[in-house]
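With the working numbering, the residue at position 6 of the sequence shown is 1168, and numbering never jumps.
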Amino acid sequence: MKYKTTNREKRENDFCVVGIGYCEIQNITRFLNANSYTCGTYGWRADFYDFGNVSISTGYAPLTWGYNDGAKKMAALIRADLLELEERLVLGKIKTSGDFWKENKKMIARIEKIIENARTLTANM
């Protein structure tokens, strides 16, 4: 179940928030459950998928935020890798089954690996 949050709360509690536009990674997010969402004057703005102290924000007005320059570089790397993963899903290079829970675990593992690779690369910069 999602809970309502604010952009301010996400900036205060997360090291890095990766913002990706609505439907840019729809094939990835169909295998995930959002943890929270934000809304504004005109309704829903974005969903947040939390992975430790890193969140992925996707929606009409996604939040992009980094605690420092390293976090901003990390967010850019994660965004690029997620878009590449989405492209591989669309082109059929990654096969998926109809079982939601099995694919959910695989997708979470893929995203956690992307985040860990980005952490390693930014630590070496």
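Using N, Cα and C, we set each Cβ at its ideal position, and we do this for glycine too. Keep in mind that this is a model prediction, so the values were computed, not measured.
Item checked: Nearest-angstrom Cα separation, counted from residue 1195 out to residue 1163 -> 8 Å
Item checked: Sequence-distant residues of its chain with Cβ nearer than 7 Å to residue 1225 (five each side left out) -> 1169, 1172, 1179, 1181, 1208 and 1219
Notebook entry, point to check: residue 1240 lies in the beta strand (DSSP E); which residues open and close that run?
Noted result: Here residue 1240 belongs to no beta strand (DSSP E); instead the alpha helix (DSSP H) covers 1231-1252.
Item checked: Option nearest residue 1246 by Cα separation, candidates 1283, 1263 and 1272 -> 1272
Notebook entry, point to check: Looking at the unbroken alpha helix (DSSP H) that takes in residue 1285, where does it start and where does it end?
Noted result: 1262-1285
Check: What separation, rounded to the nearest whole angstrom, lies between the Cα atoms of residue 1269 and residue 1204?
Finding: 31 Å
Notebook entry, point to check: Within 10 angstroms of its Cβ, does residue 1241 collect 16 or more other Cβ (buried), or is it exposed?
Noted result: buried
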